[in-house]
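Going by the numbering used here, the sequence shown opens with residue 2, and the numbers climb by one from there. Just so you know, even glycine gets a beta-carbon here, dropped at the ideal spot from N, CA and C. All of these numbers come straight from a predicted model, not from anything done at the bench. Working notes for the structure below.
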Amino acid sequence: MRSGNIQNRKIRRKFLSFSRRMVMKIRVKNHIYVLAISLLFGAVFAHSGAMAADKLVVLYSARSMSQSMPWIAQAAGLLKKYDLDMELVYVGGGPRAAAATIAGDTDVTVVGGVSIVRPFVQGNKDLAFIGSVKNILTHSIFAKPDIKKPENLRKKRIGVTQIGSNPHYFAVQALRHFGVEAREVAFIQTGGTAETLAALVSEAIDAAVLLPPIDAQAIDLGYHYVINGPELRIPYAATTLVTRRATIAKRQQVLSRFMRVMAEAGMILHTDREFTYKVLGKQLRLTDRKILDAAYNAEIKALEPRLVFKPEALQAILDEVAEIDSRAKKVKPQELVDTRYLDEMEKSGFFDQLWSGKR
């Protein structure tokens, strides 16, 4: 009996020892599991933090000073400041840019107003202007010295980026101002501003519609103003910020931050000439200070410091569109715009603080 009890105690001790070891192993394993899970979640959260910046696809339609604010925003680090990530895409020509906007391929588009007003009038009411960079046209028409005045452009080939674009509209209005009708000239589509100058140099066209800073290059190459656009001060929503109302509904706060980025980039454009020159020089491959000075001095006067709309600039486009589509007569400028972001920056004092001591 005694030997049986001893044997039982030995078995019990072995069992307890085994049990303790198993408990310890389970505890260790549990700690390892907890640690592994903690590390996993930590990695996930760290990854989430690294990816926290909201991404926007921003499209622009012309390589020009008036559409340079996204470049400036990137160079100045403003996107990081406002927790944004921007994919910037160039699509030459307003109509192509508008088509991409309608298709939902972009969150915001920097483009001439006419390319947006036309589809709006045709029924694409989802489109909305949320800011205006330039409310007059600053294009000009250049040609060789033998074409001395606007009347000499009759029966000549005039290069524009695209039919229906800002350069095309400017040419029609400017020629009309001097008594020349659009039907009296031949408009040649080039696809882009640089391509227009190249076409002029290669004599594929007789005259070119250009804007700063590439117009200064044309002068250096021996071409001259036939029509100096800035002197005409034609009202027109020449450079605008556009989105879809569906995008506003889904990404209102993201767009709010983006508009602050654009406002701050605009302030830099107006107040820091040297930084602007560095950005323009890099993007447009310009190193000639004289060309940069000429472009800046001509264009800066036309740009809106607070991205405001001018009703007459939008009405000018509606009047033009009404000539070929009577539905435009029923559209009011205010129907085209959504001013919530401009109103927000004005009422919150953001604009005042941004420009404090800058002018």
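If you count every other CB in all the chains shown that lies within 10 Å of the CB of residue i, and 16 or more means buried, which is it?
| i | result |
| --- | --- |
| E305 | buried |
| R123 | Correcting the residue identity first, residue 123 is Gln in this sequence and not Arg. It counts as exposed. |
| K150 | exposed |
| P146 | exposed |
| E265 | buried |
| A303 | buried |
| F310 | buried |
| T197 | buried |
| S140 | For clarity, residue 140 is His in the given sequence; the question names Ser instead. Buried, since its Cβ has 16 or more Cβ neighbours within 10 Å. |
| S357 | exposed |
| D344 | exposed |
| T277 | buried |
| D108 | buried |
| L319 | buried |
| I164 | exposed |
| I325 | exposed |
| S203 | exposed |
| Q68 | buried |
| F179 | exposed |
| D216 | buried |
| T191 | buried |
| T288 | exposed |
| Q218 | buried |
| A250 | exposed |
Tell whether a beta-carbon distance below 9 Å holds between residue i and residue j.
| i | j | result |
| --- | --- | --- |
| T110 | A101 | yes |
| I73 | V280 | yes |
| L154 | L337 | no |
| A299 | K135 | no |
| G160 | A195 | no |
| A208 | I148 | yes |
| L285 | M263 | no |
| I189 | R158 | yes |
| Q174 | Y237 | yes |
| I131 | L256 | yes |
| R252 | D339 | no |
| G193 | G93 | yes |
| A98 | Y61 | yes |
| L211 | P168 | yes |
| M66 | Q75 | no |
| Q354 | P334 | no |
| P71 | S166 | no |
In the DSSP assignment, the beta strand (DSSP E) including residue i goes from what residue to what residue?
| i | result |
| --- | --- |
| G267 | Counting along the chain, G267 falls outside any beta strand (DSSP E), though it belongs to the alpha helix (DSSP H) covering 253 to 272. |
| I288 | Ile is not the amino acid found at residue 288; the sequence shown has Thr there. Looking at the DSSP string, T288 is not in any beta strand (DSSP E), and its letter there is neither H nor E. |
| R155 | Here R155 belongs to no beta strand (DSSP E), and DSSP marks it neither H nor E. |
| A217 | Element bounds for A217: not the beta strand (DSSP E) but the alpha helix (DSSP H), 215 to 221. |
| L80 | It is not in any beta strand (DSSP E) - L80 instead sits in the alpha helix (DSSP H) that spans 79 to 82. |
| A209 | 208 to 211 |
| V243 | 236 to 245 |
| I189 | 187 to 190 |
Pull up the distance between the alpha-carbon of residue i and that of residue j, whole angstroms please.
| i | j | result |
| --- | --- | --- |
| R64 | P231 | 18 Å |
| A1 | G282 | What is shown of the chain runs 2 to 360, which leaves residue 1 out entirely. |
| A295 | A144 | 18 Å |
| D55 | V90 | 17 Å |
| I301 | H271 | 7 Å |
| R119 | V322 | 7 Å |
| A44 | F121 | At A44, the pLDDT of 43 sits below 50, so the modelled position is not reliable and the matter cannot be decided from this model. |
| F171 | K331 | 24 Å |
| R341 | R261 | 12 Å |
| P213 | I228 | 14 Å |
| I351 | K82 | With the sequence shown as reference, residue 351 is identified as Phe, and Ile is not the correct amino acid for it. Rounded to whole angstroms, F351 to K82 spans 15 Å at the Cα level. |
| V112 | A199 | 22 Å |
| R177 | K291 | 32 Å |
| S133 | V58 | 19 Å |
| K156 | I142 | 15 Å |
| K348 | E152 | 50 Å |
| R184 | Y226 | 21 Å |
| E275 | T162 | 29 Å |
| A314 | L79 | 29 Å |
| M346 | S327 | 36 Å |
| N125 | M268 | 32 Å |
Going by DSSP, what residue range makes up the alpha helix (DSSP H) through residue i?
| i | result |
| --- | --- |
| G230 | 230 to 233 |
| Y170 | 167 to 178 |
| V202 | 194 to 202 |
| K348 | 341 to 348 |
| V322 | 312 to 323 |
| L355 | 351 to 356 |
| A63 | Here A63 belongs to no alpha helix (DSSP H), and DSSP marks it neither H nor E. |
| Q75 | 70 to 76 |
task = Entirely within the region 91 to 152 and at least 4 residues each: give me those alpha helix (DSSP H) ranges in chain order.
result = 95 to 103, 115 to 122
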